[in-house]
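To start, the structure under review is shown below, and the notes come after it.
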Amino acid sequence: MTDSNSDIKLKKGMTLFNSVTMIVGSIIGAGIFVSPTGIIRYSGSIFMSLFVWLFCGIFSMIGAYCYAELGTSIKESGADYAYILAAYGEMAAFLRMWVECIIAKPALTAIVALTFSEYILYPLMPCGAPIYLLKIIVVLIILLVGFINNYSVKLANRVQDFTTIGKSIALLIIIVLGIYMYFKGSTQYISRPFDHSIWDINKLSLAVYYGLFSFNGWNYLNFVVEEMKNPVRDLPRAITISCVFVVIIYLLTNISYFSVLDPVEFVNMNGIAIQFSTKILGKIGIVMAFFVAVSTFGGVNSQIITSSRMSFVAARRGHMPQLMHMIHINNITPFVSVSLTTIISILFGVFADVDWLIKCSGIVNWLAIGVSVTCIFVFRKKYPHMKRPIKVHIAWPIIYLILTVFLIIIPFIESPMETGIGILMILSGIPVYLLFVTNKKRDKIDQIINHITKSVQKVFLLSLEKKSDEEQIELESLESKPFLIKT
Numbered sequence: 001m002t003d004s005n006s007d008i009k010l011k012k013g014m015t016l017f018n019s020v021t022m023i024v025g026s027i028i029g030a031g032i033f034v035s036p037t038g039i040i041r042y043s044g045s046i047f048m049s050l051f052v053w054l055f056c057g058i059f060s061m062i063g064a065y066c067y068a069e070l071g072t073s074i075k076e077s078g079a080d081y082a083y084i085l086a087a088y089g090e091m092a093a094f095l096r097m098w099v100e101c102i103i104a105k106p107a108l109t110a111i112v113a114l115t116f117s118e119y120i121l122y123p124l125m126p127c128g129a130p131i132y133l134l135k136i137i138v139v140l141i142i143l144l145v146g147f148i149n150n151y152s153v154k155l156a157n158r159v160q161d162f163t164t165i166g167k168s169i170a171l172l173i174i175i176v177l178g179i180y181m182y183f184k185g186s187t188q189y190i191s192r193p194f195d196h197s198i199w200d201i202n203k204l205s206l207a208v209y210y211g212l213f214s215f216n217g218w219n220y221l222n223f224v225v226e227e228m229k230n231p232v233r234d235l236p237r238a239i240t241i242s243c244v245f246v247v248i249i250y251l252l253t254n255i256s257y258f259s260v261l262d263p264v265e266f267v268n269m270n271g272i273a274i275q276f277s278t279k280i281l282g283k284i285g286i287v288m289a290f291f292v293a294v295s296t297f298g299g300v301n302s303q304i305i306t307s308s309r310m311s312f313v314a315a316r317r318g319h320m321p322q323l324m325h326m327i328h329i330n331n332i333t334p335f336v337s338v339s340l341t342t343i344i345s346i347l348f349g350v351f352a353d354v355d356w357l358i359k360c361s362g363i364v365n366w367l368a369i370g371v372s373v374t375c376i377f378v379f380r381k382k383y384p385h386m387k388r389p390i391k392v393h394i395a396w397p398i399i400y401l402i403l404t405v406f407l408i409i410i411p412f413i414e415s416p417m418e419t420g421i422g423i424l425m426i427l428s429g430i431p432v433y434l435l436f437v438t439n440k441k442r443d444k445i446d447q448i449i450n451h452i453t454k455s456v457q458k459v460f461l462l463s464l465e466k467k468s469d470e471e472q473i474e475l476e477s478l479e480s481k482p483f484l485i486k487t
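Next comes the structure, spelled out in structure tokens:
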């Protein structure tokens with residue numbers, strides 16, 4: 001137990017290296033092992049698929065650049081939630097929190113966990129594991145990662161560091177093997193890069209969705225900015241280093257795939273990384289399943305870390321039950337926030353498949369991020385004297401928003417069912433907000449919630465976050481005028 005209640009708060013322990021591994025670990029997860037199939041399906045050729053990868057990388061870097069201004073201006077965990085709260089008020093912020101905590105991040109966690117289960121079982125069942133076994137593995141892996149995050153923030157960060165290094169090594173092995181095969185003369189596919197190209201803008205937009213899924217995570221460091229030792233210095237550095245690194249790695253990885261694998265066969269392939277390695281190394285190549293499992297394990301970990309921090313900050317504002325803002329007094333972890341993320345992720349993992357989750361969560365995710373980027377315009381117009389350690393050129397958020405509009409409209413034409421469900425999920429937060437947040441006539445509901453809160457608090461040894469007097473004064477300033485941020 002801590003020596004004083006004044007110490008019950010999340011610690012500022014994230015270094016630049018931790019920050020870089022957080023972003024790289026968040027981005028490089030299941031995507032590079034899932035998305036190549038979807039991208040080839042909707043782009044057709046090697047050239048078009050590489051173009052999609054490059055486009056997604058540039059798009060993500062522009063978004064990350066915009067987020068660098070927001071993250072260093074409003075140095076509070078919660079990222080999009082904190083920005084939208086300051087720009088548009090409580091209802092808009094609640095909907096962003098609702099989308100992220102209840103839909104987008106649990107869905108992404110489930111996708112990564114499903115990929116983990118497929119690869120970890122591949123050596124035993126190369127023809128495909130039964131669905132019930134895949135679901136069991138999904139439940140177990142999400143529970144394990146949830147336990148780690150509830151046990152120790154430091155341990156969760158160490159897991160992230162380890163898995164990031166592991167997945168980087170795995171991708172470097174793929175790249176080295178690809179270069180080796182290229183110089184050995186394996187160019188039968190790369191020499192025909194334009195074969196089977198698809199120019200249909202509707203299909204290409206779906207290819208971009210798969211690509212952006214692989215880059216999802218460039219904004220995750222903004223969710224834990226309160227835990228960074230020096231956010232003004234390290235946030236932009238971490239974003240730049242991570243995004244450039246990932247773009248290069250992704251392009252080289254896909255070029256390596258095409259050095260030995262037929263793009264036409266990509267569409268029907270399971271376990272692309274294993275197919276690639278076994279085609280070159282024979283049975284020894286099956287070890288790639290382990291590296292992919294390490295990669296996706298880190299992806300699940302980063303999703304749970306970032307999602308739990310958003311609900312933690314939302315509870316601080318009164319947009320989530322008070323329980324969500326409580327910290328375990330021994331482990332100093334956001335116990336309830338992590339547990340909620342874990343439970344919802346398991347439900348998505350058990351009852352949905354990867355393709356549906358990517359399409360449905362894509363519209364939700366990019367619409368929400370687009371709204372966050374518009375906060376730059378709001379802050380500059382309403383609060384011109386806000387301190388901005390980083391100030392981006394106004395052209396970048398404009399470009400990003402134009403591209404976002406296309407990403408929202410075009411997929412709706414091609415896949416109206418999935419995108420429609422995504423929009424309905426966003427709108428479902430409105431009645432929840434009106435009933436549980438703004439409704440003042442809910443005495444009985446409050447009594448039940450308070451009883452549950454006290455019981456859970458006693459059983460799991462929880463306490464509300466306690467900040468120092470100086471931090472509390474700054475927090476109160478944020479709550480009254482969230483746009484006036486001190487550097």
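Everything in the sequence shown is counted per full-length UniProt numbering, starting at 1 for the first residue and increasing by one. Glycine residues also receive a C-beta, built at the ideal position from the N, C-alpha and C atoms. Keep in mind the model is a prediction, meaning the values are calculated, not measured.
Positions of the alpha helix (DSSP H) runs, each at least 4 residues long and wholly inside the region 358-430, are given as 395-414, 416-427 in order along the chain. In this structure, the straight-line span from the alpha carbon of Leu401 to that of Leu121 is close to 41 Å.
Around Ser242, the same chain offers Val20, Ile23, Val24 as residues with beta carbons nearer than 6 Å, after the five sequence neighbours per side are excluded. For Ile280, there is no enclosing beta strand (DSSP E); the residue is part of the alpha helix (DSSP H) that begins and ends at 272-281. Taken through DSSP and simplified to helix, strand or coil, Ser242 comes out as helix. The beta-bridge partner set that DSSP reports for Ser191 is empty.
It is roughly 26 Å from the alpha-carbon of Val159 to the alpha-carbon of Tyr67. In the structure shown, Ser256 falls within a helical segment according to DSSP collapsed to helix, strand and coil.
Non-local C-beta neighbours of Phe348 in its own chain, meaning closer than 6 Å and more than five positions away in sequence, comprise Pro106, Ala107, Ala110, ordered along the chain. Between Ser26 and Arg388, the CB-CB gap reaches or exceeds 8 Å. Around the CB of Cys127, fewer than 16 other CB atoms lie within 10 Å, so the residue is classed as exposed.
In this structure the region 267-281 does not lie against the region 188-199, because fewer than three pairs of beta carbons, one per stretch, are closer than 8 Å. Comparing alpha carbon positions, the residue from Tyr209, Ile142, Leu114 closest to Pro130 is Leu114.
Scanning its chain for C-beta atoms nearer than 8 Å, with the 5 sequence neighbours on each side dropped, one finds around Thr253 the residues Ile32, Leu171, Ile174, Ile175, Gly178, in chain order. Taking a 10 Å sphere around the C-beta of Leu427, we find fewer than 16 other C-beta atoms and assign the residue as exposed. In the three-state scheme derived from DSSP, where H, G and I count as helix and E and B as strand, Ile249 is classed as helix. DSSP places Ser186 in no beta strand (DSSP E); its state is neither H nor E. If you compare the alpha carbons of Gly89, Val112, Phe59 with that of Phe406, the shortest gap goes to Phe59. By the Cβ criterion, the region 202-222 is in contact with the region 40-51, since at least three pairs of Cβ atoms, one from each stretch, lie closer than 8 Å. Counting along the chain, no alpha helix (DSSP H) covers Ser197, and no H or E run does either. When DSSP states are grouped into helix, strand and coil, Ile327 belongs to the strand group. Pairing Ser361 with Met97 gives a Cβ-Cβ distance that is not under 8 Å.
Counting the other Cβ atoms within 10 Å of the Cβ of Arg233 gives fewer than 16, which makes it exposed. Per DSSP, Ser35 is one residue of the alpha helix (DSSP H) stretching across 31-43. Its Cα nearest to that of Ala87, the residue Val371 stands out among Ile394, Leu124, Trp396, Val371.
Straight-line measurement puts the Cα of Ile280 at about 51 Å from the Cα of Phe94. The shortest CA-to-CA distance from Val373 to any of Leu144, Val350, Leu403, Phe17 is the one to Leu403. In the DSSP assignment, the residues bridged to Ser463 are Ile327.
Taking each of Pro231, Leu70, Leu212 in turn and checking the Cα distance to Met14, the smallest one comes out for Pro231.
Cβ neighbours of Ile363 within its own chain (closer than 8 Å, five residues either side excluded): Ile408, Pro411, Phe412, Glu418, Thr419, Gly422, Ile423. Membership of Trp53 in the alpha helix (DSSP H) is indicated by the continuous run 46-73. The beta carbon of Gly166 sits closer than 6 Å to those of Val294, all from its chain and outside the five residues before and after it, given in chain order. The alpha-carbon of Leu144 is positioned some 19 Å away from that of Phe351. Around the beta carbon of Glu265, fewer than 16 other beta carbons lie within 10 angstroms, which makes this residue exposed.
Using a 10 angstroms sphere on the CB of Leu367, the tally of other CB atoms reaches 16 or more, which defines it as buried. Here the alpha carbon of Gln457 sits roughly 40 Å from the alpha carbon of Tyr383.
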